[in-house]
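In what follows, a structure is listed as structure tokens, so that the remarks can point back to it.
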Amino acid sequence: MFNKQENSSGEDAVNSSSNNPARATTPSGGQSEASVISAGLKIVGNLQSEADVVISGTVEGDINSRSLTVSEGANVTGTIESTSVEVRGKVDGQIHASSVKVARSGCVNGDIVYETLSIDEGAVVEGQLRRNQGSLHGHKSKISTLTPVDGDRKKKELGGEVKAG
Amino acid sequence: MKANQLVMRIPLLGIGGTTESAQSAPHKQRTSFIQRTLTVTGTITAPELELIIEGVVKGVVTARRILISQTGRIIGDLRANTVDVAGEVHGRIEAMAVALRSSARVDATIYHHRILIESGAIVKGLQPWRPDGYMERRKAEW
Chain Y
1 MFNKQENSSG EDAVNSSSNN PARATTPSGG QSEASVISAG LKIVGNLQSE
51 ADVVISGTVE GDINSRSLTV SEGANVTGTI ESTSVEVRGK VDGQIHASSV
101 KVARSGCVNG DIVYETLSID EGAVVEGQLR RNQGSLHGHK SKISTLTPVD
151 GDRKKKELGG EVKAG
Chain X
1 MKANQLVMRI PLLGIGGTTE SAQSAPHKQR TSFIQRTLTV TGTITAPELE
51 LIIEGVVKGV VTARRILISQ TGRIIGDLRA NTVDVAGEVH GRIEAMAVAL
101 RSSARVDATI YHHRILIESG AIVKGLQPWR PDGYMERRKA EW
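Protein chains in written order, with my numbering: chain Y, 1 to 165; chain X, 1 to 142.
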């Protein structure tokens, strides 16, 4: 019975492809849609996305995305690096994002490095909160402006060496 | 005419699932999307879900049903009741029913009970047939 189908003409196979679920579900301009990691789905490994990610399932690994939503009941173990993060579920690990929102149902075990932060009443946050002034990518240049201090230290160190010598 | 109807029906039968979806599909038709902007490195486990992959996955994917769209790219293993490929797969496929659409580019060993290959698909690799209870035995090892 199965062989019959294989031996049928190519035209029939093309006709049958109108029922192809993979094609029917492929959106023409899916760029704006978020990737959904739904409940019951578990990823062990890293996620990298240039767009939005919504997690309702379990992720054990690092996440790198534009915006990230950790829904209620979701579980993330790993470092998150995003432009904006909204936590309604559980996160074990560091969060690096310019905008961080921890909702009432949210739970974060780990440090949060943010520029704007909101924590709703009832949310659980265990970890250090550190404000990253300026953009996350711009902080290196700010460190470089502190060179005079380094210069002083170097002078002292040099002086020490001279004395020791 | 009759033959044509048969051909029209079989992909649905095979890919829509016959025995397993009759049991599991009606109560939950949950679907998860891996969009084209997303790259996953690691294992994806979703034994109860339908998974539509439009992005890139490097690793092992386990689901009830896996659909790889034209933009989808898998480097690794696919394990599911049904696997429907319109994109690219490098590695290994283990499924009861496998459909390779005309846009598919597959370089994989395909363990299957039923397979459909549309004309135009680029397929490289072995396609060993497996008997009916094969998946049940394999599932125990996953």
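Where a beta carbon is used, it is the ideal one built from N, C-alpha and C, also for glycine. Please read all numbers here as calculations on a predicted model, not as lab measurements.
CB of residue i within 9 angstroms of CB of residue j, strictly
i	j	result
residue 112 of chain X	residue 98 of chain X	yes
residue 38 of chain X	residue 52 of chain X	no
residue 123 of chain Y	residue 98 of chain Y	no
residue 78 of chain Y	residue 107 of chain Y	no
residue 51 of chain Y	residue 34 of chain Y	yes
residue 40 of chain Y	residue 101 of chain X	no
residue 169 of chain Y	residue 43 of chain Y	For residue 169 of chain Y there is no data in the structure shown, the boundaries of chain Y being 1 and 165.
residue 100 of chain Y	residue 71 of chain Y	no
Cβ distance (whole Å) where residue i is taken to contact residue j below 8 angstroms
i	j	result
residue 40 of chain X	residue 60 of chain X	In fact, because the Cβ distance is near 11 angstroms, the residues do not count as touching under 8 angstroms.
residue 110 of chain X	residue 125 of chain X	7 angstroms
residue 55 of chain X	residue 75 of chain X	No, residue 55 of chain X and residue 75 of chain X are not in contact; Cβ-Cβ is about 12 angstroms, not under 8 angstroms.
residue 65 of chain X	residue 50 of chain X	4 angstroms
CB contact check: residue i to chain Y, cutoff 9 angstroms
i	result
residue 110 of chain X	no
residue 55 of chain X	yes
residue 46 of chain X	yes
residue 133 of chain X	no
Neighbouring residues, chain X, relative to residue i (Cβ below 8 angstroms)
i	result
residue 46 of chain Y	40, 41, 42
Between the CA atoms of residue j and residue i - distance to the nearest angstrom
i	j	result
residue 93 of chain X	residue 62 of chain Y	27 angstroms
residue 48 of chain Y	residue 82 of chain Y	10 angstroms
residue 138 of chain X	residue 132 of chain X	11 angstroms
residue 114 of chain X	residue 80 of chain Y	41 angstroms
residue 45 of chain Y	residue 38 of chain Y	16 angstroms
residue 105 of chain X	residue 62 of chain X	20 angstroms
residue 103 of chain Y	residue 126 of chain Y	14 angstroms
residue 147 of chain Y	residue 64 of chain Y	Here residue 147 of chain Y scores only 47 on pLDDT, less than 50, and its place in the model should not be relied on; the value that follows carries that caveat. Between residue 147 of chain Y and residue 64 of chain Y, the C-alpha separation is close to 32 angstroms.
residue 129 of chain Y	residue 112 of chain Y	5 angstroms
residue 33 of chain X	residue 115 of chain Y	30 angstroms
residue 103 of chain X	residue 116 of chain X	13 angstroms
residue 78 of chain X	residue 95 of chain X	8 angstroms
residue 135 of chain X	residue 73 of chain X	24 angstroms
is_contact[residue i, chain X] using C-beta, thresh 9 angstroms
i	result
residue 51 of chain Y	yes
residue 28 of chain Y	Reliability of the predicted coordinates at residue 28 of chain Y is poor, the pLDDT of 37 falling under 50, and the value obtained from them is presented with this limitation in mind. It does not; no Cβ of chain X falls within 9 angstroms.
residue 33 of chain Y	yes
Neighbour list for residue i in chain X, Cβ cutoff strictly below 9 angstroms
i	result
residue 36 of chain Y	31, 32, 33, 34, 35
Residues that residue i contacts on chain Y, provided the C-beta gap is smaller than 7 angstroms
i	result
residue 97 of chain X	Residues of chain Y passing the Cβ test: none, with the nearest at roughly 10 angstroms.
residue 49 of chain X	38, 40, 41
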